[in-house]
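Chemist: As they're listed, the protein sequences go chains U and A. 291 is the number of the first residue of the first sequence in this note's numbering; add one for each residue after it. 40 is the number of the first residue of the second sequence in this note's numbering; add one for each residue after it. Cβ atoms here follow ideal geometry from the backbone N, Cα and C, with glycine treated the same way. Model, not experiment: these values are computed from the prediction.
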Amino acid sequence: MPQEGTAAAWKRGMKDGIPICLGYFAVSFTFGMMAVGQGLTVWEAVFISITNVTSAGQFAGLTLIAAGAPYYEMAITQLIINLRYCLMSFALSQKLQRNVPFFHRFLVAYGVTDEIFGVTVSQEGKVSPSYPYGAMSVAIPGWVLGTLAGAISGNLLPDFMVSALGIAIYGMFLAIIIPPATENKVVMKVVIGAMVMSGLFSFLPLLNRVSAGFVIIITTLLVAGVAAYLHPVEEASEGGR
Amino acid sequence: MEGNIYLYIFIMAGVTYLIRMAPLALVQREITSPFIKSFLFYVPYATLAAMTFPAILYSTASTTSALVGFAVALFMAYKKKSLLTVALAACAAVFVVERIIG
Numbered sequence: 291m292p293q294e295g296t297a298a299a300w301k302r303g304m305k306d307g308i309p310i311c312l313g314y315f316a317v318s319f320t321f322g323m324m325a326v327g328q329g330l331t332v333w334e335a336v337f338i339s340i341t342n343v344t345s346a347g348q349f350a351g352l353t354l355i356a357a358g359a360p361y362y363e364m365a366i367t368q369l370i371i372n373l374r375y376c377l378m379s380f381a382l383s384q385k386l387q388r389n390v391p392f393f394h395r396f397l398v399a400y401g402v403t404d405e406i407f408g409v410t411v412s413q414e415g416k417v418s419p420s421y422p423y424g425a426m427s428v429a430i431p432g433w434v435l436g437t438l439a440g441a442i443s444g445n446l447l448p449d450f451m452v453s454a455l456g457i458a459i460y461g462m463f464l465a466i467i468i469p470p471a472t473e474n475k476v477v478m479k480v481v482i483g484a485m486v487m488s489g490l491f492s493f494l495p496l497l498n499r500v501s502a503g504f505v506i507i508i509t510t511l512l513v514a515g516v517a518a519y520l521h522p523v524e525e526a527s528e529g530g531r
Numbered sequence: 040m041e042g043n044i045y046l047y048i049f050i051m052a053g054v055t056y057l058i059r060m061a062p063l064a065l066v067q068r069e070i071t072s073p074f075i076k077s078f079l080f081y082v083p084y085a086t087l088a089a090m091t092f093p094a095i096l097y098s099t100a101s102t103t104s105a106l107v108g109f110a111v112a113l114f115m116a117y118k119k120k121s122l123l124t125v126a127l128a129a130c131a132a133v134f135v136v137e138r139i140i141g
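1) Note down, in chain order, each residue of its chain lying with its Cβ closer than 8 Å to the Cβ of L397 of chain U, except the 5 sequence neighbours on either side.
2) For A110 of chain A and chain U, any beta-carbon pair shorter than 8 Å?
3) With burial defined as no fewer than 16 other Cβ atoms inside 10 Å of the residue's Cβ, what is the status of Y519 of chain U: buried or exposed?
4) Rounded to the nearest angstrom, what separates L373 of chain U and T367 of chain U at their Cα positions?
5) Excluding the 5 residues preceding and the 5 following K76 of chain A in the sequence, name in chain order all residues of the same chain whose CB lies nearer than 8 Å to its CB.
6) Does the beta carbon of S421 of chain U come closer than 8 Å to any beta carbon on chain A?
7) Taking F491 of chain U as the reference, give the member of U:V477, U:Y460, U:I506, U:M478 with the closest Cα.
8) Is it a yes or a no for the stretch 56 to 72 of chain A touching the stretch 106 to 117 of chain A, going by three-plus beta-carbon pairs under 8 Å?
9) Taking the straight line between their C-alpha atoms, what separation do you get for G440 of chain U and T99 of chain A?
10) Let me see if you follow: with CB-CB separation under 8 Å, is T102 of chain A close to chain U or not?
11) Please list, in chain order, the chain U residues whose beta carbon lies closer than 8 Å to that of T99 of chain A.
12) In terms of residue numbering, what span does the alpha helix (DSSP H) encompassing T86 of chain A cover?
13) Indicate whether at least one CB of chain U lies closer than 8 Å to the CB of I50 of chain A.
14) Taking only beta-carbon atoms, is P540 of chain U less than 8 Å away from chain A?
15) Distance cutoff 8 Å, beta carbons only. Does R395 of chain U sit that close to anything in chain A?
16) Straight-line CA distance for R302 of chain U to P391 of chain U?
17) Kindly list, in the order they appear in chain U, the residues whose Cβ is closer than 8 Å to that of I140 of chain A.
18) Under 8 Å between C-beta atoms, does N445 of chain U make it to chain A?
19) Assign N445 of chain U to buried or exposed, taking buried as 16 or more other Cβ atoms, counted over all protein chains shown, within 10 Å of its Cβ.
20) Indicate whether at least one CB of chain U lies closer than 8 Å to the CB of T71 of chain A.
21) What's the gap between the Cα of I442 of chain U and the Cα of G432 of chain U?
22) What's the C-alpha gap between T331 of chain U and Y460 of chain U?
23) Which term fits L352 of chain U, buried or exposed, when burial requires 16 or more other beta carbons within 10 angstroms of its beta carbon?
24) Count the CB pairs spanning the stretch 43 to 54 of chain A and the stretch 406 to 420 of chain U that are closer than 8 Å, and state whether there are at least three.
25) From U:A299, U:P309, U:A297, pick the residue whose C-alpha is nearest to that of V428 of chain U; which is it?
26) Can you tell which of A:M90, A:Q67, A:S104, A:L46 has the C-alpha that lies nearest to the C-alpha of M462 of chain U?
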């Protein structure tokens with residue numbers, strides 16, 4: 291099997307990292323503003339973004355810090371909100387080239403976000419760590435710089451730009467899932483089923499009290515589980531993704 | 040603020056990293072179970088779809104602009120445009136709609 295060079299994989303990752311970077315900037319800009327608003331210093335806000343690289347977890351962490359919550363509560367909250375990364379890393383463990391050493395696995399783990407995971411698993415065949423590295427090298431600076439910009443000044447970007455950039459990440463997700471869904475009926479059912487289910491969790495009373503991170507975990511386990519049970523992927527088509 | 044800010048950050052980052060790292064470090068071998076393989080094949084679609092909807096509706100300043108952006112992104116994705124093109128088209132649609140209804 292012809293192997294793509296390290297540099298080429300890295301470059302492709304960087305290109306796919308651009309929309310992620312834009313989306314991150316908008317979200318982390320808000321995070322930076324909120325963090326300073328809660329009494330953190332600019333450096334503390336940026337430090338959180340460098341070490342965590344996760345939106346929901348950071349926003350939740352911020353409210354816990356501001357409330358002076360006990361440390362164990364911080365640990366449990368992060369565990370629940372970010373448990374979906376466990377599923378993603380599990381999927382990535384099968385996606386990475388077999389011979390990838392531990393060192394790379396530890397580094398790739400740092401960049402397992404919804405978005406970087408999304409572009410990485412949508413690659414054809416096995417993935418070299420260079421691809422996620424490329425995406426990380428563009429996307430994570432967007433996350434950190436957005437935090438810095440937001441923390442320094444709430445007025446750096448006009449509101450209308452923050453608003454328009456906010457949708458970038460979701461546009462990218464759709465660009466990842468829709469094309470395969472048009473070619474595979476089961477994937478289409480999975481996409482629609484997952485949207486309906488997370489929609490129900492958001493709109494129905496009582497169900498809408500479940501945290502966003504949990505909704506994603508429950509939806510994923512149920513929809514992907516049912517799909518795998520009813521429509522096992524045939525050997526021939528399983529190699530690609 | 041009560042506690043030590045750096046201890047909080049350390050706990051946040053530590054828990055989050057361990058969740059991400061454990062499966063990558065522990066699951067080294069190729070999984071052969073057809074069910075688990077199929078499950079992992081469907082996971083990204085379920086996860087990304089669940090993350091997109093309904094969150095996309097709240098991602099901009101108004102639900103109207105978000106709906107238009109959503110529709111534009113769906114159409115462009117259906118036409119198999121690149122990630123960046125779809126993302127920017129959605130942003131542009133939101134921008135235009137918000138200028139109009141401003």
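Modeler: Working from what's here:
1) For the purposes of this step, residue 397 of chain U is taken as residue 107 along the first sequence, with counting starting at 1. Cβ neighbours of L397 of chain U beyond the five flanking positions: P419, Y423.
2) Numbered from its first residue, the second sequence carries residue 110 of chain A at position 71. No, no contact with chain U.
3) Within the first sequence, the letter at position 229 stands for residue 519 of chain U. Flag for Y519 of chain U reads exposed.
4) As a working mapping, residue 373 of chain U is identified with position 83 in the first sequence. As a working mapping, residue 367 of chain U is identified with position 77 in the first sequence. Using only the alpha carbons, I get a separation of about 10 Å.
5) Start at 1 with the first residue of the second sequence, and residue 76 of chain A comes out as number 37. Excluding sequence neighbours, K76 of chain A sits near I70.
6) Within the first sequence, numbered from 1, the residue matching residue 421 of chain U stands at position 131. Sequence inspection shows Tyr at residue 421 of chain U; the Ser mentioned does not correspond to that position. No, its Cβ sits nowhere closer than 8 Å to a Cβ of chain A.
7) Working through the first sequence from its first residue, we reach residue 491 of chain U at position 201. Of U:V477, U:Y460, U:I506, U:M478, the residue nearest in Cα terms is U:I506.
8) no
9) By one-based count along the first sequence, residue 440 of chain U stands at place 150. By one-based count along the second sequence, residue 99 of chain A stands at place 60. Roughly 17 Å separates the two Cα atoms.
10) As a working note, residue 102 of chain A is residue 63 in the second sequence. No, its Cβ sits nowhere closer than 8 Å to a Cβ of chain U.
11) Here residue 99 of chain A corresponds to residue number 60 of the second sequence, with the count starting at 1. Residues of chain U passing the Cβ test: S453, A454, G456, I457.
12) Numbered from its first residue, the second sequence carries residue 86 of chain A at position 47. Residues 73 to 91.
13) Within the second sequence, the letter at position 11 stands for residue 50 of chain A. I50 of chain A counts as touching chain U.
14) A question about residue 540 of chain U goes unanswered here, because the residues of chain U that appear run from 291 up to 531.
15) Taking the first sequence and counting its residues from 1, one reaches residue 395 of chain U at position 105. True, the Cβ-Cβ gap to chain A drops below 8 Å.
16) Looking up residue 302 of chain U in the first sequence gives position 12. Looking up residue 391 of chain U in the first sequence gives position 101. Their Cα atoms are separated by approximately 22 Å.
17) Locating residue 140 of chain A in the second sequence gives position 101, counting from the first residue. Correct list: empty, because the minimum Cβ distance to chain U is about 12 Å.
18) Mapped onto the first sequence, residue 445 of chain U falls at position 155. In this prediction, N445 of chain U has a pLDDT of 48, which is less than 50 and means its spatial position is unreliable; what the coordinates show is noted afterwards. For N445 of chain U, the answer is no, since every Cβ of chain A falls outside 8 Å of its Cβ.
19) Reading the first sequence from its first residue, position 155 is the one you call residue 445 of chain U. Bear in mind that a pLDDT of 48 at N445 of chain U, under 50, signals an unreliable position, so the number given afterwards is only what the model happens to contain. Counting Cβ neighbours within 10 Å, N445 of chain U comes out exposed, since fewer than 16 surround it.
20) The sequence position of residue 71 of chain A within the second sequence is 32, counting from 1. No - not a single Cβ of chain U is within 8 Å of the one on T71 of chain A.
21) Translated into the one-based positions of the first sequence, residue 442 of chain U becomes position 152. Translated into the one-based positions of the first sequence, residue 432 of chain U becomes position 142. The straight-line gap separating the alpha-carbon atoms of I442 of chain U and G432 of chain U is approximately 15 Å.
22) Position 41 of the first sequence, counting from 1, holds the residue named residue 331 of chain U. Position 170 of the first sequence, counting from 1, holds the residue named residue 460 of chain U. Taking the straight line joining both Cα atoms gives about 30 Å.
23) Taking the first sequence and counting its residues from 1, the one referred to as residue 352 of chain U is at position 62. Classification for L352 of chain U: buried.
24) no
25) Translated into positions along the first sequence, residue 428 of chain U becomes position 138. Out of U:A299, U:P309, U:A297, U:P309 has the C-alpha closest to the C-alpha of V428 of chain U.
26) Against the first sequence, residue 462 of chain U aligns to sequence position 172. Of the candidates A:M90, A:Q67, A:S104, A:L46, the one whose C-alpha sits nearest the C-alpha of M462 of chain U is A:M90.
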